[in-house]
Amino acid sequence: MATKETLSATAIAEAKTKNERPAVLAGNGDYTADSIKVLGGMEAVRKRPAMYIGSTGELGLHHLVYEVVDNSVDEALAGYADKIEATIHIDNSITVVDNGRGIPVDSMEVDGEKVPAAEVVMTKLHAGGKFDTSSYKVSGGLHGVGVSVVNALSEELDLEIWRDGFTWEQTYSKGEATSKLKKAGATKKRGTKVHFLPDKSIFTATEFNFDTLAQRLRELAFLNKGLLITLTDERTTDPKTGEPKTAEFKYNGGIAEFIKHLNRGKQVLHDKPIYMEADRNGVVMEIGLQYNDGYSESVFSFANNINTVDGGSHLSGFRTALTRTINYAGQQMGLFKDVKENLTGDDVREGLVAVISVKLPQPQFEGQTKGKLNSDIAGVVTAFLNERLGAYFEQNPTVGRKIINKAIEAARAREAARKARDLTRRKGALDGGGLPGKLADCSERQPERCELFLVEGESAGGTAKQGRDRRFQAILPLKGKILNVEKARYDKMLGHEEIRAMITALGTGISKEDFDASKLRYGKVILMTDADVDGSHIRTLLLTFFFRHMQELIKRGNVFIAQPPLYSIKKGKAQQYIKDDREFVKVMVKRAAEGLIVRYGEGAAKLEGASLARFITVLKEYLDFFDKVVKRLRDERVTELLPKLDLSKRADFEGDKKTAPKKIEKLERELKKLQKERNFKSVESRFDEEHNLWEVSFVNSQGAEHVISWELASTPEYRQLLSKFKQIE
4 MATKETLSAT
14 AIAEAKTKNE
24 RPAVLAGNGD
34 YTADSIKVLG
44 GMEAVRKRPA
54 MYIGSTGELG
64 LHHLVYEVVD
74 NSVDEALAGY
84 ADKIEATIHI
94 DNSITVVDNG
104 RGIPVDSMEV
114 DGEKVPAAEV
124 VMTKLHAGGK
134 FDTSSYKVSG
144 GLHGVGVSVV
154 NALSEELDLE
164 IWRDGFTWEQ
174 TYSKGEATSK
184 LKKAGATKKR
194 GTKVHFLPDK
204 SIFTATEFNF
214 DTLAQRLREL
224 AFLNKGLLIT
234 LTDERTTDPK
244 TGEPKTAEFK
254 YNGGIAEFIK
264 HLNRGKQVLH
274 DKPIYMEADR
284 NGVVMEIGLQ
294 YNDGYSESVF
304 SFANNINTVD
314 GGSHLSGFRT
324 ALTRTINYAG
334 QQMGLFKDVK
344 ENLTGDDVRE
354 GLVAVISVKL
364 PQPQFEGQTK
374 GKLNSDIAGV
384 VTAFLNERLG
394 AYFEQNPTVG
404 RKIINKAIEA
414 ARAREAARKA
424 RDLTRRKGAL
434 DGGGLPGKLA
444 DCSERQPERC
454 ELFLVEGESA
464 GGTAKQGRDR
474 RFQAILPLKG
484 KILNVEKARY
494 DKMLGHEEIR
504 AMITALGTGI
514 SKEDFDASKL
524 RYGKVILMTD
534 ADVDGSHIRT
544 LLLTFFFRHM
554 QELIKRGNVF
564 IAQPPLYSIK
574 KGKAQQYIKD
584 DREFVKVMVK
594 RAAEGLIVRY
604 GEGAAKLEGA
614 SLARFITVLK
624 EYLDFFDKVV
634 KRLRDERVTE
644 LLPKLDLSKR
654 ADFEGDKKTA
664 PKKIEKLERE
674 LKKLQKERNF
684 KSVESRFDEE
694 HNLWEVSFVN
704 SQGAEHVISW
714 ELASTPEYRQ
724 LLSKFKQIE
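Letter by letter, the sequence shown follows residues 4 to 732 in the numbering used here.
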């Protein structure tokens, strides 16, 4: 059993033998209304959302999901949950479900009033069970604004809690409760379910990216051994099975598996990652590292499961210890005979892939998005890594020599690159003294107004030159595919003609010593390659160059990708470019409706022109949503019934245990009429005690049961199906 301050070594050892992650438990394990502490209001969230989630663009949108998921992970860290499910719905709403303890529902006093603890958590800033160590020993949600900010920035949020044998439900809109927290029914489950739809009036980006969420959830699974995290995307279906796109993440190997994942497809210097973990003074540290034959470093740092992208004290401690330990080990092994000076941090990190994860009580971060850890634990991490890595080199001298020799080679290459850079600078190739001959420059001299297009080949360069505005648009054609800088040392990169031309044209210089983003000659650097495989490869190579050697330009927002059109529609001499499938359908429908008149039945009004185009568009949308509901129920005839019955209100499913509501009775009758035709094995209406609602189930000819309930009727696909049906009517 863990004490309030730390886990015992015995608990960690026992967890290892069972192939489990050690549970980081609260001091007394209690999680009640008394655990929730209120520190203030949340009036400013909707006015200044960027203060709380970083931005109102794609970054901030995805941050909403991370805040909700982090709460579930905290339950797992405390030892009460082992499964988290996240779902992206077709309307870009999100559902997150865990099997933790469930948010407390008992009442607490706030400003002289009794309010359910769950409502306080959802509607008050700085409210939660994470401001002391009685409920959570470690947590990513220290600031306590996470789920309340998600609530404030959502058009609608539905909360469902399974706790103490009951189901509890409450709804919210834009941070305000729109219903009372009510006991819906009895259940044997436990956990929390949060469904939210981000407010489109606040966010500039409203579509979630599956890969972005998958990357973060995969990280969390790596960082928490044995935790199962599932991500489902109902917007995309598998063409073979028709099932929604799904990814599952569970790693019993934890960070060691994370390192292998990061090094996949690379040639490693040692087969097994170096892994170490310990609990020092209440700080749980896990470090994994492995070297490959590449020339760049990939180091990821985490504090309480939060990706500290801007580093912090734990990363500083790691880097200090790594440089010091490798220099000491190299001297002890006698490998520095031909080395004039100690290896630098850059030398020892060449080809390094590492993950540093620390878990500590009451961490101090910079800002709500928590990009940098400020807690002073550098000394603890340094001492830990010095001790463990030094011992590893003593016990594994062969691996140690490989790592140290690679660092020595990096030092020699660094010196060679310095000489090559000095020589190149003397020749005037990098100091901006002479621009590349193939650069078609612009006349504007204010950098913020200028654009540089990096184009693929001389032929594309010629076309771009013809179409550009020479006042502010410059063109630099690149011959063939540039060097892959991920696999090339610095001196070799400087010897590549196309890369030298780019460096000279940009004017920023190169290398840590010489690079100066303020000297950039163009406000926008635009990568314009063909919409084919080769073009995609060239774009990737260019992005790799900027990411590895001019990352500041990406962070400043100077690097852009030109989006080539997906379709071209030509009619006579007129040519129209189409950027995506959605626009293609819109254009084709408009063209198809031109000159047509449609009548349905005798005496019916005619449809033509814009009204016909709108009708065709709505009809297509209806069929799209129809297909999505069919995939849930696996029966077209049943799906045809649902919009006709208009099951749009929760009240349509409400009734006492003995008497079903009228629409449920009608639905049951209609399904029984279909029973013989569809070969259903059974049709029945029944009362769902967990939610105190009625539902109708049918078992199809294959023996699979499908249920028509409020859960189905409240889905985005059914709502949209009903909306389009009414428009068509």
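All C-beta atoms, glycine included, are put in the ideal place defined by N, C-alpha and C.
Alpha carbon of residue i to alpha carbon of residue j, nearest angstrom
i, j, result
"I581", "G188", "52 Å"
"L216", "E159", "21 Å"
"A508", "P439", "7 Å"
"R2", "E418", "Because residue 2 is not part of the residues shown, which for the chain are 4 to 732, the question remains open."
"G314", "A306", "10 Å"
"G733", "I485", "Look at the range of the chain in this structure, 4 to 732, and you will see that residue 733 is not part of it."
"P719", "V621", "16 Å"
"V48", "M54", "8 Å"
"L725", "P366", "49 Å"
"I572", "L674", "47 Å"
"K127", "Q218", "30 Å"
"G348", "R283", "25 Å"
"K297", "T326", "The sequence given here has Gly at residue 297, not Lys. When rounded, the distance between both Cα atoms is 18 Å."
"M279", "D584", "50 Å"
"A121", "G105", "9 Å"
"E687", "I711", "11 Å"
"E260", "K623", "46 Å"
"I309", "I232", "16 Å"
"K248", "T235", "6 Å"
"K558", "E708", "52 Å"
"G115", "K676", "58 Å"
"E516", "E78", "46 Å"
Assigned exposure category for residue i - 16 Cβ within 10 Å defines buried
i, result
"T311", "buried"
"L569", "exposed"
"G333", "buried"
"L626", "exposed"
"E344", "exposed"
"K652", "exposed"
"V173", "Contrary to the premise, residue 173 reads as Gln rather than Val in this sequence. Its Cβ being crowded by 16 or more others within 10 Å, Q173 is buried."
"L521", "The question names Leu, yet the displayed sequence has Ser at residue 521. Flag for S521 reads exposed."
"G149", "buried"
"P242", "exposed"
"T532", "buried"
"A565", "exposed"
"E747", "Given a span of 4 to 732 for the chain in the structure shown, any question on residue 747 remains unanswerable."
"S614", "exposed"
"A716", "buried"
"F387", "buried"
"N244", "The residue asked about is misnamed: residue 244 is Thr in this sequence, not Asn. It counts as exposed."
"N102", "buried"
"I194", "The amino acid occupying residue 194 in the given sequence is Gly; Ile does not appear at that position. That one is buried."
"H65", "buried"
Other residues of its chain near residue i: CB distance less than 6 Å, five sequence neighbours each side excluded
i, result
"L338", "I407"
"T190", "W165, T170, E693"
"K490", "none"
"F618", "L610"
"N154", "M125, L160, Y175, G178"
"A423", "D494, L497"
"E88", "V100, T233"
"K21", "Only weak support is given to the placement of K21: the predicted model assigns it a pLDDT of 41, under 50, and the question is left unresolved by the model."
CB contact below 8 Å: residue i versus chain D
i, result
"V528", "Included in the structure is just one protein chain, with no chain D present."
7 Å CB neighbourhood of residue i in its chain, flanking five on each side removed
i, result
"P52", "T59, G63, L156, I205"
"L545", "L457, I485, L530"
"S3", "Since the first residue shown for the chain is 4 and the last is 732, residue 3 is missing from the structure and cannot be characterised."
"I360", "The sequence given here places Ser at residue 360; Ile does not occur at that position. Closer than 7 Å at the Cβ level, and outside the excluded window around S360, lie L226, I258, E289, F305."
Cβ shell of residue i (< 8 Å), same chain only, five flanking positions each side left out
i, result
"S704", "R681, N682, F683, K684"
"L599", "E611, L615"
"L479", "P439, K441, L442, A443, L455, F456, L457, V458, G464, A504, M505, A508"
"K380", "Here residue 380 is Ile; the residue named in the question, Lys, does not match the sequence. Closer than 8 Å at Cβ, skipping near neighbours: V286, S316, H317, G320, V361, L363."
Near the ligand MG: residue i beta-carbon under 7 Å from a heavy atom
i, result
"E159", "What this structure holds is no ligand at all, so the ligand MG is not there to describe."
Sufficient close CB pairs (3 or more, under 8 Å) joining the stretch 192-207 to the stretch 225-245: Short answer: they don't touch.
Three CB pairs or more closer than 8 Å across the stretch 290-299 and the stretch 257-276: yes
Minimum length 3: unbroken beta strand (DSSP E) runs contained in the stretch 549-605: For the stretch 549-605, the continuous beta strand (DSSP E) assignments of 3+ residues that do not extend past its boundaries occur at 562-564, 570-574, 577-581, in sequence order.
Runs of alpha helix (DSSP H) lying entirely within the stretch 450-506, each at least 4 residues, in chain order: 460-470, 493-497
Complete beta strand (DSSP E) runs within the stretch 180-242 (minimum length 3 residues, chain order): For secondary structure counted as the beta strand (DSSP E) over 3 or more consecutive residues, the stretch 180-242 holds these complete runs in sequence order: 185-189, 194-201, 231-240.
Alpha helix (DSSP H) runs wholly inside the stretch 611-679, at least 4 long, in chain order: 612-636, 639-648
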